[in-house]
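A short write-up of the structure that comes next.
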């Protein structure tokens, strides 16, 4: 067992469990907010069991809190809009997950921000696969347990922000991102994305600024002057094409 934790897969497993611990704690906040917004305990738990994407869940209960059950269509639309990013994650994770259609279908619920981040923080295919599955499954279990706890004990706990739980997920992401900020291009992308997200946050619904900030990386990829613009010509040993 000790030798396993020294392997790349072991490192990915440790990282996934650490991220899951930090992120799951934030589920208490969702459970308390959902019940305070008018949903009961079982409705709150079903959201975490089936929707299982933090940004969409918070958007849903936020709209419900502002407009009541009459705002349910708008709440569904907001949650669906924020969930679009998971489709992009699925395309990126398909080669990491591997296998056939059944394995990819099984990976769908666990294709979330954190599992993708942990997977891509590693280099070897086995480490990436371990990071993806460990993070996704551990967060699913922890998030649902903490959602139930928050829904039942929200009034007793008070405001979860007083305990710093609202910063847990962000801190976990920063820990994953920091080792990858090497070189001018990653630093430029990170700085540009941060500026875009900070500028849009006061004006747009939660989650949308993050999606917009991702456009910085897309723009850099499309307009990077170092990106090859043509396919090199392959020549034989005599130098002839």
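Residue numbers (our numbering): 438 to 678. For glycine and all other residues, C-beta sits at the position ideal for the given N, C-alpha and C. Owing to the predicted nature of the structure, the values given are computational and were not obtained by experimental measurement.
Take residue 449 and list the residues in its own chain whose beta-carbon comes closer than 6 Å to its own, dropping the five residues that flank it on each side. Excluding positions up to five away in sequence, the list reads 559, 564, 567, 568.
Give the secondary structure of residue 444 by DSSP, where H, G and I count as helix, E and B as strand, and everything else as coil. In the three-state reduction of the DSSP assignment, residue 444 falls in the coil class, being assigned neither a helical nor a strand state.
Report the three-state DSSP secondary structure of residue 623 (helix, strand or coil). In the three-state DSSP reduction, residue 623 falls in the helix class (H, G or I).
Could you tell me if residue 570 is buried or exposed, where buried requires 16 or more neighbouring beta carbons within 10 angstroms of its beta carbon? Answer is buried; the Cβ neighbour count reaches 16.
Which word fits residue 475, buried or exposed, when buried means at least 16 other C-beta atoms lie within 10 angstroms of its C-beta? So residue 475 ends up on the exposed side.
Might you give, ordered along the chain, the residues of its own chain that have their beta carbon closer than 8 Å to the beta carbon of residue 540, omitting 5 neighbours on each side? So the qualifying residues of the chain are 534.
Have a look at residue 545 and residue 468 and give me their C-alpha separation to the nearest angstrom. Looking at the two C-alpha atoms, the distance is approximately 23 Å.
Integer-rounded CB distance, given that residue 551 should sit under 8 Å from residue 490: Residue 490 to residue 551, Cβ: 11 Å. No contact.
For residue 481, count neighbouring Cβ atoms within 10 angstroms of its own Cβ and tell me buried if that reaches 16, exposed if not. Under this definition residue 481 is a buried residue.
Is it buried or exposed, residue 646, if we count other Cβ atoms within 10 angstroms and call 16 or more buried? So residue 646 ends up on the buried side.
Exposure of residue 521, with buried meaning 16 or more beta-carbon neighbours within 10 Å: By the neighbour-count definition (other C-beta atoms within 10 Å, threshold 16), residue 521 is an exposed residue.
How is the alpha helix (DSSP H) around residue 467 delimited, first residue to last? 464-473 is the span of the alpha helix (DSSP H), which, as asked, contains residue 467.
Just curious, the alpha helix (DSSP H) that residue 481 is in, first and last residue? Counting along the chain, the alpha helix (DSSP H) containing residue 481 begins and ends at 478-483.
Collapsed DSSP secondary structure at residue 486 in the structure displayed: In this structure, residue 486 counts as helix in the three-state DSSP scheme.
Run through DSSP, which three-state label would residue 561 get? Residue 561 falls in the coil class under three-state DSSP.
Mind checking whether residue 579 and residue 458 have CB atoms under 8 Å apart? Yes; because the gap between Cβ atoms is below 8 Å, this pair is in contact.
Taking Cβ to Cβ, would you say residue 633 is nearer than 8 Å to residue 657? The answer is no: Cβ separation not under 8 Å.
Beta-carbon separation of residue 737 and residue 452 under 8 Å? Residue 737 lies beyond the range of the chain shown here (438 to 678); nothing can be said about it.
Excluding the 5 residues flanking residue 527 on each side, which residues of the same chain have their C-beta closer than 6 Å to its C-beta? Only 548 meet the Cβ criterion.
DSSP state of residue 574, grouped into three classes? In the structure shown, residue 574 sits in a helix (DSSP, three-state: H, G or I).
Quick one: grab the DSSP three-state call for residue 638. Note: residue 638 maps to coil in three-state DSSP.
Residue closest to residue 635, alpha-carbon to alpha-carbon, out of 651, 456, 574, 529: Residue 651 holds the alpha-carbon nearest to the alpha-carbon of residue 635 among 651, 456, 574, 529.
Among 530, 473, 630, 445, which has the Cα closest to the Cα of residue 680? Residue 680 falls outside the range modelled here, since the chain spans only 438 to 678, and no answer is possible.
Can you give me the C-alpha to C-alpha distance between residue 542 and residue 455, rounded to a whole angstrom? Each residue's alpha carbon lies about 25 Å from the other.
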